[in-house]
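The sequence shown begins at 2 in our numbering and counts up one residue at a time. Beta carbons are placed, not taken as given, at the ideal position from N, Cα and C, and that holds for glycine. Reading through the structure tokens given below for one structure.
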Amino acid sequence: MNTIKLRLSKFTSINLSQGKPLETIILFAIPLIIANFFQMLYTTVDTIVVGKCVSSLALASVGAATPAIDLLLGLTIGLSNGLSIVIAQKTGLHNTKVTKKTIINGFYLITFIAVLVMSLGLLFNRTLFNLINISNDLMPGAIVYSMIIFIGTIFAALYNYESAILRAYGNSMVPLLFLILSATLNVVLDLFFVIVCKLGIAGVALATILAQLTCCIFCFVYMKKRLNILEFEKEDMKFNIILIKEQVKIALPMAFFQSLLAISFFVVQSALNTLGNQEVAAYTAAYKMDTLMMQILSGFGTAISTFTAQNYGNKSFERIREGAKSMLKITISLSIIVMIFAQIFSRQFMSLFVSSDELNIINLGVQYISFTSCCYFILGINFIVRFVLTGVGESSVPLGVGILEVVVRCLGTYFLVYPLGFTGMIYINPLCWGTSTFLIICFYPYLLKKAIDK
Numbered sequence: 002m003n004t005i006k007l008r009l010s011k012f013t014s015i016n017l018s019q020g021k022p023l024e025t026i027i028l029f030a031i032p033l034i035i036a037n038f039f040q041m042l043y044t045t046v047d048t049i050v051v052g053k054c055v056s057s058l059a060l061a062s063v064g065a066a067t068p069a070i071d072l073l074l075g076l077t078i079g080l081s082n083g084l085s086i087v088i089a090q091k092t093g094l095h096n097t098k099v100t101k102k103t104i105i106n107g108f109y110l111i112t113f114i115a116v117l118v119m120s121l122g123l124l125f126n127r128t129l130f131n132l133i134n135i136s137n138d139l140m141p142g143a144i145v146y147s148m149i150i151f152i153g154t155i156f157a158a159l160y161n162y163e164s165a166i167l168r169a170y171g172n173s174m175v176p177l178l179f180l181i182l183s184a185t186l187n188v189v190l191d192l193f194f195v196i197v198c199k200l201g202i203a204g205v206a207l208a209t210i211l212a213q214l215t216c217c218i219f220c221f222v223y224m225k226k227r228l229n230i231l232e233f234e235k236e237d238m239k240f241n242i243i244l245i246k247e248q249v250k251i252a253l254p255m256a257f258f259q260s261l262l263a264i265s266f267f268v269v270q271s272a273l274n275t276l277g278n279q280e281v282a283a284y285t286a287a288y289k290m291d292t293l294m295m296q297i298l299s300g301f302g303t304a305i306s307t308f309t310a311q312n313y314g315n316k317s318f319e320r321i322r323e324g325a326k327s328m329l330k331i332t333i334s335l336s337i338i339v340m341i342f343a344q345i346f347s348r349q350f351m352s353l354f355v356s357s358d359e360l361n362i363i364n365l366g367v368q369y370i371s372f373t374s375c376c377y378f379i380l381g382i383n384f385i386v387r388f389v390l391t392g393v394g395e396s397s398v399p400l401g402v403g404i405l406e407v408v409v410r411c412l413g414t415y416f417l418v419y420p421l422g423f424t425g426m427i428y429i430n431p432l433c434w435g436t437s438t439f440l441i442i443c444f445y446p447y448l449l450k451k452a453i454d455k
């Protein structure tokens, strides 16, 4: 038992400003990557259960609703990631009083945004769906699914913020353990609500928010018992406009970046919905491969941003450069491995989501996966460079590059999807990744030097 506790302590109390950079980052990143897989499991299991146990029409309904949901929920996810960086910078300064005030004011900010997102989602989901040309046969399922997901916004936002606090203190293992429990519960509830209760699309959405609520509660109880940083005095609870402005400066660009990406996918989905239900279903399933890769890279990205933020607060600038170079090598190598896996098993991957007799849907999905997976290494470079800059507080240029990515994706939709149909869909993501990566690499040396010379 003592041996297990000792091994777990390596993951729950990592000081990112000490030890070998590569080893430290990987130790911190492993639980994050696994956690991202289980986070993805929420939507993936929903998609599989809907496609296999309800219908391909229901699968298309969930896929059609996803961009509108991501557009709003992206605000809370991006904000949480940004707040983690602010808190990590404060821990690097070793000022407990300021850190406590930062945490409580971050809570005020994330709660406000979560309530805003929930309200906007419930009020305008139908309007958003009309904007992206969701067909009449897909609209009822999309409305039901999105309304239930938006009701659970506060649970997802608070869990992400709780995880952000733990990550800032070098603890990426505990959020993973609670997320595994929550994801397992989501699978069980999915099957129960859909197969036993016959609730269809509503069942998978209900399972998701109940599982997220469980994750949120367990994580809070742990933090309350184990972290004295959450023992607030009356002075700590005061609204601090200076800290809020600092958090907004760093975290809001990340929040907008998440939503900007969703806006661009929103535009793409609008074009996709005009092609037909089979194309929508194929893209919904095939895009899970891109999402899988993004979850891996996101784990490394979050790790390098927290690593950078702590060392930036500690003024260990050479350590930041060394960590960034090592992570670039790791992500590029991993991208190549995933590409090979995707090339070999793309057909089996598509068969997870639809029946084997849906040959047209499977073939379309295989075309998408085969091409986009060859460009994952570009995405890997993008994530590391972007998150290093975010970790040192230079988040404006990554945001600007994100805006450019939106423009490129919108132009790609007009010039590729409408003329070429589903074939045009295949080229859009690699085009966006390549454009944004090229630009951010050009800015990287200057911005990193500027941050270090402050």
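Separation of residue j from residue i, as counted between CA atoms
i	j	result
MET119	LEU211	16 Å
GLU323	PHE29	16 Å
ILE86	LYS199	43 Å
THR285	ALA61	7 Å
ILE135	ASN126	11 Å
VAL269	ALA208	28 Å
THR97	GLU406	39 Å
ILE243	PHE388	24 Å
TYR170	LYS451	26 Å
THR275	VAL51	22 Å
GLY153	LEU159	10 Å
ASN241	ALA325	34 Å
ILE362	ALA65	15 Å
ALA304	ARG168	8 Å
LEU432	PHE108	37 Å
LYS91	VAL99	7 Å
ASN430	LYS21	35 Å
THR128	VAL281	19 Å
GLU359	GLN349	13 Å
VAL145	LEU117	20 Å
PHE193	LEU186	10 Å
GLY1	GLY435	Past the edges of the chain, shown from 2 to 455, lies residue 1, and the structure says nothing about it.
ALA206	SER357	25 Å
Bounding residues of the alpha helix (DSSP H) (the contiguous stretch that carries residue i)
i	result
LYS226	202–227
LYS98	97–132
LEU449	423–453
ASN383	377–392
GLY153	Here GLY153 belongs to no alpha helix (DSSP H), and DSSP marks it neither H nor E.
beta-carbon residue i near the ligand ATP non-hydrogen atom, thresh 7 Å
i	result
GLY20	No copy of the ligand ATP occurs in the structure displayed, which carries no ligand at all.
Beta-carbon proximity of residue i to residue j, cut-off 8 Å
i	j	result
TYR377	VAL409	no
ILE245	ASN106	yes
ILE333	THR373	no
SER147	ALA69	yes
LEU73	LEU121	yes
THR77	ILE114	yes
THR414	ALA272	yes
PHE354	ILE49	yes
ILE379	THR292	no
ALA310	ALA89	yes
VAL384	LEU440	First, the amino acid is wrong: residue 384 is Phe here, not Val. No; because the gap between Cβ atoms is not below 8 Å, this pair is not in contact.
SER306	CYS411	no
MET224	ILE166	yes
PHE318	ILE111	no
Which of helix, strand or coil DSSP assigns to residue i
i	result
ASN274	coil
TYR170	coil
PHE354	coil
ILE511	Given that the chain is displayed from residue 2 to residue 455, the structure contains no residue 511 and the question cannot be resolved.
ASN315	coil
LEU9	Any reading at LEU9 must be qualified, since the residue scores a pLDDT of 44, below 50, and its modelled position is unreliable; the value itself is stated next. The answer is helix: DSSP assigns LEU9 an H, G or I state.
GLU359	coil
GLY413	helix
GLY20	coil
ASN241	coil
SER347	helix
GLU234	coil
Own chain partners of residue i with C-beta closer than 8 Å, once the 5 adjacent residues on each side are dropped
i	result
ILE442	ILE382 and VAL386
GLN1	Lying outside 2 to 455, the shown extent of the chain, residue 1 is not represented and no answer is given.
ILE331	LEU23, ILE27 and PHE301
ASN278	SER57, LEU58, ALA61, SER136, ASP138 and LEU139
LEU132	PHE267 and SER271
Cβ neighbours of residue i in the same chain (closer than 6 Å, five flanking residues each side left out)
i	result
GLY366	ALA283, ALA286, ALA287 and MET351
SER164	PRO176
ILE370	ALA287, MET290, ALA343 and SER347
VAL46	VAL188 and ASP191
SER336	TYR377, PHE378 and GLY381
Same chain, Cβ closer than 7 Å to residue i, five either side skipped, listed in chain order
i	result
PHE179	CYS216, PHE219 and CYS220
CYS54	VAL195 and ILE196
PHE156	ILE210, GLN213, LEU214 and CYS217
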